[in-house]
Amino acid sequence: MLNRLPREYSLAFAAAVNDDEVLHANLAASPVFRQSDVPLLAERGYPCASKAYNHALDNNDADVVVFAHQDVYLPQGWERRLLSAIRTLDRQEKRWAVLGVVGVNWDGTFVGRAWSNGLQHEINRPVSDPIPVQSLDEIVLALRRDSGVRFDAEMPGFHLYGTDVAQSALAAGMEAYVFDGPVVHNSLPVMRLDGSYRRAYRAIQRKWRSRLPIGTTIVPVTRWGWPLWSASAGLRWQGLRHAPVQHRHDRPGVLARQLGYE
Numbered sequence: 003m004l005n006r007l008p009r010e011y012s013l014a015f016a017a018a019v020n021d022d023e024v025l026h027a028n029l030a031a032s033p034v035f036r037q038s039d040v041p042l043l044a045e046r047g048y049p050c051a052s053k054a055y056n057h058a059l060d061n062n063d064a065d066v067v068v069f070a071h072q073d074v075y076l077p078q079g080w081e082r083r084l085l086s087a088i089r090t091l092d093r094q095e096k097r098w099a100v101l102g103v104v105g106v107n108w109d110g111t112f113v114g115r116a117w118s119n120g121l122q123h124e125i126n127r128p129v130s131d132p133i134p135v136q137s138l139d140e141i142v143l144a145l146r147r148d149s150g151v152r153f154d155a156e157m158p159g160f161h162l163y164g165t166d167v168a169q170s171a172l173a174a175g176m177e178a179y180v181f182d183g184p185v186v187h188n189s190l191p192v193m194r195l196d197g198s199y200r201r202a203y204r205a206i207q208r209k210w211r212s213r214l215p216i217g218t219t220i221v222p223v224t225r226w227g228w229p230l231w232s233a234s235a236g237l238r239w240q241g242l243r244h245a246p247v248q249h250r251h252d253r254p255g256v257l258a259r260q261l262g263y264e
């Protein structure tokens, strides 16, 4: 059985970075980095998120490492929400390995809270206590170091590694959870599920074929992959019908307050 984490948990944050302007306007602008000495590791030049994140894991000794997209804004007090959720799971003696803010539970429905600038839509399925899920969205993932769970360096690109790490936790006899830690994902719209996404989708199909279907926050991963083709066609049609948003929100902190996240 996992040892219980200490009463006070040390945190570190990491992001795979390819645009410093986006990083500094969003993730690095989050209050936690202005108000504490918690580190933010910017991992640059990696061909996939998994290698970037494993490098971050190997270069700090925090109890919990939080991996976030460079265009995510963490509202005031977000880290306290995370630590409260961890303490709840610890009191309940849950064997957790990874937490996220949005995921898909076992009946295939979304849970969690986040604003997506790209979608111009809020995912608003709040949870009172952390809830176990089968997959996690990649926007924010908090990994417990002493779980032994790591990111799979063979996962290509920057998609579906949240699903993979959640399934890795489950395969190791542990659990993945969504907690109430709303964030602003200051993204641009995704107009197609391109070759990079399809390669990640096929990697999940191969690796977890005995566990399929697996719900994800984009499309379910199934044996034959029909949901992927249907979603790709739907995105193309949507792009023809509606002009997508062209810009990130210029004040994500103001938006977080307007949404009641802080």
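Residues in the sequence shown are numbered from 3 upward in steps of one, following this note's numbering.
For each residue, glycine too, the CB sits at the ideal point set by N, CA and C.
query                                                                                                                                                       : result
In angstroms with no decimal places, state the Cα-to-Cα distance between S38 and Q94.                                                                       : 29 Å
Going by DSSP, what residue range makes up the alpha helix (DSSP H) through G197?                                                                           : G197 to K209
Applying the 10 Å Cβ sphere with the 16-neighbour rule, what's the burial state of W231?                                                                    : exposed
Under a three-way DSSP split, which group does H187 fall into?                                                                                              : strand
Unbroken beta strand (DSSP E) runs of length 3 or more, entirely within the region 52–84: which are they?                                                   : 66–70
Measure the alpha-carbon distance for R213 versus R36 and round it to whole angstroms.                                                                      : 42 Å
Taking C-beta to C-beta, are A18 and A64 nearer than 8 Å?                                                                                                   : no
Should I220 and H187 be called a contact, given that it needs their Cβ atoms to be closer than 8 Å?                                                         : no
Short of 8 Å in beta carbon distance, which residues of its chain neighbour V247, apart from the five on each side in sequence? Order them along the chain. : N119, G120, Q122, L190 and P191
Would DSSP call Y179 helix, strand or coil?                                                                                                                 : strand
Which residue wins for smallest C-alpha separation from N107, given the options P222, R83 and D148?                                                         : P222
By how many angstroms is the C-alpha of Q169 removed from the C-alpha of D131?                                                                              : 21 Å
If we ignore side chains and look at the alpha-carbon of each, how far apart do N28 and V185 end up?                                                        : 11 Å
How should G110 be labelled, buried or exposed, when 16 other C-beta atoms within 10 angstroms of its C-beta is the threshold for buried?                   : exposed
According to the Cβ coordinates, are R97 and M176 closer than 8 Å?                                                                                          : yes
Below 8 Å between beta carbons: does that hold for P128 and A178?                                                                                           : no
Roughly how many whole angstroms lie between the Cα atoms of D196 and A233?                                                                                 : 11 Å
Which class does V34 belong to by DSSP, given the choice of helix, strand or coil?                                                                          : helix
How would you label G217, buried or exposed, when you count the other beta carbons within 10 angstroms and need 16 or more for buried?                      : buried
According to DSSP, simplified to helix, strand and coil, what is H26?                                                                                       : helix
Could you say which of D92, F112, W117 and A31 lies nearest to V180 if we only look at CA atoms?                                                            : F112
Spatial neighbours of R243 within its chain, please: C-beta separation below 7 Å, excluding the five flanking residues on both sides.                       : Low confidence applies here, because R243 scores a pLDDT of 43, under 50, leaving its location unreliable and the question unanswered by this model.
Identify the residues that DSSP records as bridge partners of N126: which are they?                                                                         : R115
List the DSSP bridge partners of E45.                                                                                                                       : A18
What residues in its chain sit with their C-beta under 8 Å from that of A31, if we drop five residues either side in the sequence?                          : Y75, P254 and G255
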